[in-house]
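K.L.:
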Amino acid sequence: METLDNNSSFVENMSYFDLGLKKALTWFSDNFGTFIFILFIGLITVIIARNVNRLLERHFTKVSSKLHMDPTSFRVFRHIVVALIYFMGIALVIYSIPSLQNLSVALFTGAGIAGIVIGFAAQSTLSNIIAGISLAVFQPFRVGDRLNIMNEYGKVTDLNLRHTVIITWDNRRLIIPNSMISNEAIINWTIEDPAVIWPIDVGISYDADIDQARKIMIEEARKHPNVMPPQEVQYSVVKPSLIKSETLKMGFIDPPVLHPVDPDFRERGEVKVNVVELGESSVNLRMNVWFKDRSVAYSSGCEIREAIKKRFDKEGIEIPYPYRTIVYKTDLEKEKKDTGKLSRTEGDKIE
1 METLDNNSSF
11 VENMSYFDLG
21 LKKALTWFSD
31 NFGTFIFILF
41 IGLITVIIAR
51 NVNRLLERHF
61 TKVSSKLHMD
71 PTSFRVFRHI
81 VVALIYFMGI
91 ALVIYSIPSL
101 QNLSVALFTG
111 AGIAGIVIGF
121 AAQSTLSNII
131 AGISLAVFQP
141 FRVGDRLNIM
151 NEYGKVTDLN
161 LRHTVIITWD
171 NRRLIIPNSM
181 ISNEAIINWT
191 IEDPAVIWPI
201 DVGISYDADI
211 DQARKIMIEE
221 ARKHPNVMPP
231 QEVQYSVVKP
241 SLIKSETLKM
251 GFIDPPVLHP
261 VDPDFRERGE
271 VKVNVVELGE
281 SSVNLRMNVW
291 FKDRSVAYSS
301 GCEIREAIKK
311 RFDKEGIEIP
321 YPYRTIVYKT
331 DLEKEKKDTG
341 KLSRTEGDKI
351 E
């Protein structure tokens, strides 16, 4: 009996499979033209989108050297154009096929709850797109700028409608959604004036001569090629002073203007050494050095610190480190016993 039941269920399942297959083949044969049309429109849309993307990249490469076009705004504009091409292809398919058109109208008019659910699901994507457009318009940073963001330092390599790509100092690709960047505090080392004051901390012993150590630190800093020479830029309230010839990127076209100088930092290239702390084992000195931009500040600071250490060794200036005396418990107990024996011996002698 069990064998008959198994055979009957197998035959029934096969009949359902044959019926479903026949319905699928019937639908495919009845809508073969529609399927070919959708495939054709999709293929044409992909080809047009890729060609437009390549043409825009080539046009930017040719025009960039002449008009100083900003790559940040251009990248966002290119992504928007490609997205519009895909959207137009989908819309063409929907409005060219009556069945799909009626289905889309029904979905838009009768699926209020589904629309709310989809809206909540797409909230993150829409916020990233809006934030990406906002970043491209207001430009708190541009492609090529060097930033400190989310406890990371790196260079901006791409900005699209969804995320920003930053290559970090150790060659990692940090991909951050645009909505997170719009709510994050950013240190832009490149915007407007790229020059930076970089601190170099060194500790010397309390017996060392502070003036001699200061002199050596300044001399070693001046020897480094990346340290800015002393200079003063005149500043005017009516027309702010400008530093070396570079372009200030503003929008799609960057006019060939120079970087404005803040009046508080018009004196550049000065190397200062200050005593910042009297520590437990050292007198801590901090040297502030001017570099042309952040990209060379860290490595140059390390090289200067190494040169100062070698010079201190030659001049006999000690860089101290804390000393620790380790006392074991067994030694303390032995010392107590020895002290007790000594006191009893002295008492016996007195008697």
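By the UniProt record's numbering, the letter at position 83 of the sequence shown is numbered 83, and the numbering carries on one by one without gaps.
In this text, a Cβ means the ideal position worked out from N, Cα and C, and glycines have one as well.
Computed from a predicted structure; not experimentally measured.
#1: For residue 157, which of 137, 168, 132 and 151 has the nearest alpha-carbon?
#2: With a threshold of 8 Å between beta carbons, is residue 171 in contact with chain D?
#3: Excluding sequence positions up to five away, which residues of its chain have a Cβ less than 6 Å from the Cβ of residue 160?
#4: Where in the stretch 276 to 309 do unbroken runs of the beta strand (DSSP E), each at least 3 residues long, occur, reported from the N-terminal end onward?
#5: Might you give, ordered along the chain, the residues of its own chain that have their beta carbon closer than 8 Å to the beta carbon of residue 207, omitting 5 neighbours on each side?
#6: How many whole angstroms separate the CB atoms of residue 312 and residue 181, which I take to be in contact at a CB cut-off of 8 Å?
#7: Quick one: what does DSSP say residue 152 is sitting in, helix, strand or coil?
#8: Check this for me: beta carbons of residue 272 and residue 288, under 8 Å apart or not?
#9: Do the stretch 164 to 179 and the stretch 129 to 141 meet, that is, are 3 or more Cβ pairs less than 8 Å apart?
#10: Output needed for residue 92: all residues of its chain with C-beta closer than 7 Å, excluding positions within five of it in sequence on either side, in chain order.
#11: Please report the distance separating the alpha-carbon of residue 129 from that of residue 162.
#12: Can you give the beta carbon distance from residue 226 to residue 155, rounded, assuming they're within the 8 Å contact cut?
#13: In chain order, what residues of the same chain lie with their CB nearer than 6 Å to the CB of residue 214, ignoring the 5 residues before and after it?
#14: The beta strand (DSSP E) with residue 201 in it runs from where to where?
#15: Decide if residue 276 is buried, meaning its Cβ has at least 16 other Cβ atoms within 10 Å, or exposed.
#16: Could you tell me the alpha carbon to alpha carbon distance between residue 173 and residue 290, rounded to whole angstroms?
#17: Whole angstroms is fine: what's the gap from residue 307's alpha carbon to residue 220's?
#18: Is the Cβ-Cβ distance between residue 270 and residue 230 less than 8 Å?
#19: Quick one: residues in its chain with C-beta nearer than 8 Å to the C-beta of residue 232, no 5 flanking neighbours on either side, listed in chain order?
#20: Using the C-alpha atoms, what's the distance from residue 171 back to residue 123?
#21: Ends of the beta strand (DSSP E) at residue 142?
#22: Judging by CA-CA distance, which residue of 298, 282 and 228 is the nearest neighbour of residue 199?
#23: When DSSP labels each residue in this structure, what does residue 158 get in the three-state scheme?
#24: Just to confirm before moving on: does the CB-CB distance between residue 204 and residue 147 stay below 8 Å?
#25: Can you tell me which of 53, 54, 43 and 264 puts its alpha carbon nearest to the alpha carbon of residue 90?
#26: Go ahead and pull the three-state DSSP assignment for residue 165.
#27: Taking the alpha-carbon of residue 83 as reference, which of 95, 52 and 57 has the nearest alpha-carbon?
P.N.:
So, from the listed chains and residues:
#1: 168
#2: Absent from the structure: chain D. Only one protein chain is present.
#3: 79
#4: 283 to 291
#5: 318
#6: Between residue 181 and residue 312 the Cβ distance is about 43 Å, and since that is not below 8 Å, they are no contact.
#7: strand
#8: yes
#9: yes
#10: 41
#11: 5 Å
#12: Residue 226 to residue 155, Cβ: 18 Å. No contact.
#13: 273
#14: 196 to 204
#15: exposed
#16: 29 Å
#17: 6 Å
#18: yes
#19: 266, 267 and 268
#20: 32 Å
#21: Note, residue 142: premise wrong, no beta strand (DSSP E); not H, not E.
#22: 298
#23: strand
#24: no
#25: 43
#26: strand
#27: 52
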